[in-house]
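In this text, residue positions in the sequence shown follow the working numbering: the first is 18, and each later residue adds one.
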Amino acid sequence: MSAGDDGMEPVQAGFIGAGNFIGAHHLLTARDSPLLAIAAIADLDESLLARHANRMPVGYTTTDYRRVLDDPSVELVIIGTKQDLHARLIVESLDAGKWVFCEKPMAETQAETEAVLAAEARNRGRLAVGFNRRFAPAYAQCKRLMQTVPRPWYVNYRLMYPNPTQPDGTDFYSQHERILYEGCHILDLVSWLLEAAPRRVFMTGDRRRNNCCLLDYADGSQVSFMCGSMGSYCLWKEYMEVFGTWVGITISDFTDMRVRGFEGEFDRVYPPHLGEHADSILTHGFDFYEAYKVERMYEAREAYRSRYGMAIEHVRRPTPPGFEISQYGPEHPDLWGFIPDKGWVQSLEHFADSLRRQTAPENADGAAGALSTRLALALLRSLDTGQAVTLEAEG
Ligand SMILES: NC(=O)c1ccc[n+]([C@@H]2O[C@H](COP(=O)([O-])OP(=O)(O)OC[C@H]3O[C@@H](n4cnc5c(N)ncnc54)[C@H](O)[C@@H]3O)[C@@H](O)[C@H]2O)c1
């Protein structure tokens, strides 16, 4: 066990579920952060456990997650199974006396939500839901700026990205409602940004993949949210616009932030997750980010064409950029693809730091997890009925 930068012992983390997402993100954060140590990893897949243990220091691995919960040296449990186990594992982990960081969504149903909230009430201040976008540097700055101007605010959010299909032709969102399993991120984000729950919600589209949502707030604020599976991998995935009286902010894929109407404020460009080519992005701006992101895909263009029938072409702009994108290649050994900074590292490190200092974490808690699920379920009711759904005032 080694001490962190300021002499604090790293938090002993036990992982339950360590598949694609956890292996690409939270395990690497725990491996690299002075705030965290990987005490244990539990997963049903023994070959996966062996791969993780070979590439990072791990106390032990196990196929029985109860061993992690029974281990008194484990302080923090990180839950990264698929969503069907989230609520049950949160309850068991909290009641085992652990701090708990669980991936989204916190719960799939109202009954699961209530079970989690009851467990959180027995174990106050120890639950975080993995709504990492609250910690994305661009979004944190957006919130700081918006808090200086009066409401109402108008938010327009676009989350649009095709889903990779499995060899059998299915994809996750052919079987799961995207608004609940991915849209939950944005339903939490706007609730955090506006610090309010909407009074009415309305959704059109289909049940699984493509939706347009409207959220209407008591102070006159409004959110429009497009959550869908169309488009091209070549176009960046997320875009947010926020408007107040005489002010506006746009953020393209967490990277390019344009700020208008705030005295003394200026546009910003944020480096990507794991920092690959950060200097070039800061020098050349979003054009470089986008061109490089697509260039990484271009290397596999034949696979995209044969698997999806999707064309991957270089980004070509009306005027030549000040860089030759073909001269840039992969640098970071852990970076699969090329992704912006959505706040994953910061959200986990902040929670570990709060545990060690015994301070109240700013992560999404059970109430926030409950609100996000509740909004997604209300939007699905709206879709079923064709009517706006009115939500009771939050207690
Ligand atoms: N925050 C984000 O940006 C983000 C992005 C992608 C996925 N996620 C979340 O991450 C989670 C995992 O998604 P994924 O795509 O990596 O899934 P995955 O299927 O690749 O990984 C899940 C792992 O859980 C393991 N598991 C299942 N039951 C278990 C049990 N009883 N005990 C121990 N391990 C068990 C499986 O063996 C598997 O390795 C999901 O909740 C998803 O919503 C979050």
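Beta carbons are placed, not taken as given, at the ideal position from N, Cα and C, and that holds for glycine.
- S90 sits exposed, since fewer than 16 C-beta atoms from the chains shown fall within 10 Å of its C-beta.
- The closest CA to that of D223, considering only N71, Y171, Q239, E194, is found on E194.
- Of the residues P74, E409, G383, L397, the one whose Cα lies closest to the Cα of A132 is G383.
- Judged by DSSP in its simplified three-state form, C251 adopts coil rather than helix or strand.
- In the three-state reduction of the DSSP assignment, A54 falls in the strand class, which pools E and B.
- In the structure shown, W209 adopts helical secondary structure according to DSSP, grouped into three states.
- The DSSP-derived three-state label of M243 is strand.
- With contacts defined by Cβ atoms closer than 7 Å, A124 and T390 form a contacting pair.
- DSSP, reduced to helix, strand and coil, places W353 outside both helices and strands of the structure shown, so it counts as coil.
- Placement of the Cβ of T126 at a distance of 6 Å or more from every heavy atom of ligand 1 is found.
- Taking C-beta separations shorter than 7 Å and ignoring five residues to either side along the sequence, K99 has no partners in its chain.
- Only exposed fits W263, as fewer than 16 other CB atoms lie within 10 angstroms of its CB.
- Comparing C-alpha distances from Y156 to each of A387, F368, G360, T407 shows the shortest one belongs to G360.
- Using a cutoff of 6 Å, the CB of Q363 does not count as near ligand 1, since none of the ligand's heavy atoms is closer than that.
- Inter-residue distance for G386 and P335 is about 44 Å (C-alpha atoms, whole angstroms).
- The Cβ atoms of V28 and L372 sit closer than 7 Å to each other.
- The criterion of a C-beta distance shorter than 7 Å is satisfied by Y309 and Y345.
- Cβ-Cβ separation between G261 and V172: approximately 10 Å, too far for a contact (criterion under 8 Å).
- The way I'd put it, the stretch 73-82 does touch the stretch 54-62; three or more beta-carbon pairs between them come closer than 8 Å.
- Just measuring C-alpha positions, the residue of D185, P169, H103 sitting nearest Y325 is D185.
- Distance from the C-beta of D60 to the nearest heavy atom of ligand 1 is below 6 Å.
- The beta strand (DSSP E) runs of length 3 or more contained entirely in the stretch 128-204 are, from start to end of the chain, 144-146, 171-177.
- In this structure, K254 has its beta carbon at no less than 6 Å from each heavy atom of ligand 1.
- Counted as a single uninterrupted DSSP element, the beta strand (DSSP E) harbouring I33 occupies residues 28-33.
- Our two residues, L106 and A317, have alpha carbons roughly 38 Å apart in a direct line.
- Three or more beta-carbon pairs separated by less than 8 Å are not found between the stretch 351-358 and the stretch 111-130, which leaves the two stretches without contact.
- With respect to the 7 Å criterion, R150 and H202 are classified as neighbours on the basis of their beta carbons.
- For Y190, same chain residues with a beta-carbon under 7 Å away, outside a window of 5 residues either side, are N180, R225, R226, S246 in chain order.
- When secondary structure is reduced to three states using DSSP, L394 falls in the helix class.
- If you draw a 10 Å sphere on the C-beta of P337, you find fewer than 16 other C-beta atoms in it, and that means exposed.
- Note on F305: 16 or more other CB atoms within 10 angstroms of its CB, so buried under the neighbour-count rule.
- Exclusion of the five residues before and after H331 leaves A308, V311, E312, Y315, I342 as the residues of its chain whose Cβ lies within less than 8 Å of its Cβ.
- Relative to the Cα of L231, the nearest Cα in the group A128, N380, P347, A393 belongs to A393.
- Residue burial annotation: H349 is exposed, with fewer than 16 other C-beta atoms found within 10 angstroms of its C-beta.
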